[in-house]
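Q: Residue numbers (our numbering): 15 to 134.
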Amino acid sequence: MSASPCTSLLLIHARTGRSAALRACLRGLPYPGQTCLTFTVMPSPEEENCWLVYGQWQSQSDMDSYFNTLPAELWMRLVNGSLAAHMEFMTFEGNELPNAYRWATPRFSSPGCASYACCG
Numbered sequence: 015m016s017a018s019p020c021t022s023l024l025l026i027h028a029r030t031g032r033s034a035a036l037r038a039c040l041r042g043l044p045y046p047g048q049t050c051l052t053f054t055v056m057p058s059p060e061e062e063n064c065w066l067v068y069g070q071w072q073s074q075s076d077m078d079s080y081f082n083t084l085p086a087e088l089w090m091r092l093v094n095g096s097l098a099a100h101m102e103f104m105t106f107e108g109n110e111l112p113n114a115y116r117w118a119t120p121r122f123s124s125p126g127c128a129s130y131a132c133c134g
């Protein structure tokens, strides 16, 4: 039995005046490797100071491995309040986006947004 693909969405709302610093921090995310089919970091076109980290993974365990191996310092900078005011992390089985995030789909194939990209 093969593993099912998994989609991850991480929405991060920057603290007031900290969007540029959050962008720099997110650009430092390591490349996820071959187990990630698509990985994109971009600003929300609808919400100021909001960033989206989107990934399509070969499996839930591949996604878990990636996020569990990110440096603790990165998570501390985000969650201790110095960069992020609010974060939401969502996962979905398969490769379906919830309706609220369909705005992102056209951006993934736009110039400047490759499989691993930071747009904006």
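Backbone N, C-alpha and C define an ideal beta-carbon position, used for all residues, glycine too.
1) Skipping 5 residues on each side, what residues in its chain have a beta carbon closer than 8 Å to that of LEU84?
2) Report the option in CYS50, ALA99, HIS27 and CYS39 whose CA atom is closest to the CA atom of SER79.
3) Could you have a look at GLN74 and say whether DSSP puts it in helix, strand or coil?
4) Using DSSP with H/G/I as helix, E/B as strand and the rest coil, what is ALA17?
5) Just checking, does the region 25 to 36 make contact with the region 65 to 72 on the three C-beta pairs under 8 Å criterion?
6) Roughly how many whole angstroms lie between the Cα atoms of GLY69 and GLN48?
7) In the structure shown, what three-state DSSP assignment does LEU92 receive?
8) For LEU36, name the three-state secondary structure that DSSP assigns.
9) If I follow the unbroken beta strand (DSSP E) through LEU51, where does it start and stop?
10) Hey, is ALA17's beta-carbon within less than 8 Å of any beta-carbon in chain C?
11) Cβ of MET101 within 8 Å of Cβ of LEU92?
12) Taking all protein chains shown into account, do 16 or more other C-beta atoms lie within 10 angstroms of the C-beta of SER71, making it buried, or fewer, making it exposed?
A: The structure says:
1) Locating residue 84 in the sequence shown gives position 70, where the first residue counts as 1. Closer than 8 Å at Cβ, skipping near neighbours: LEU43 and PRO44.
2) What you label residue 79 is simply residue 65 of the sequence shown in a count that begins at 1. It is CYS50.
3) Reading the sequence shown from its first residue, position 60 is the one you call residue 74. GLN74: helix per DSSP, three-state reduction.
4) Numbered from its first residue, the sequence shown carries residue 17 at position 3. Reduced to three states, the DSSP call for ALA17 is coil.
5) yes
6) Taking the sequence shown and counting its residues from 1, one reaches residue 69 at position 55. Taking the sequence shown and counting its residues from 1, one reaches residue 48 at position 34. The straight-line gap from Cα to Cα measures roughly 12 Å.
7) The residue you call residue 92 lines up with position 78 of the sequence shown. Of the three classes helix, strand and coil, the one that applies to LEU92 here is helix, per DSSP.
8) Indexing the sequence shown from 1 puts residue 36 at position 22. Reduced to three states, the DSSP call for LEU36 is helix.
9) Working through the sequence shown from its first residue, we reach residue 51 at position 37. Looking at the DSSP string, the run of the beta strand (DSSP E) that includes LEU51 is 50 to 57.
10) Among the chains in the structure shown there is no chain C, since it carries only a single protein chain.
11) Taking the first residue of the sequence shown as 1, we reach residue 101 at position 87. Taking the first residue of the sequence shown as 1, we reach residue 92 at position 78. Yes; because the gap between Cβ atoms is below 8 Å, this pair is in contact.
12) On the sequence shown, residue 71 is found 57 positions in, with the first residue counted as 1. Rather than Ser, the amino acid found at residue 71 in this sequence is Trp. Buried, by the Cβ-count rule.
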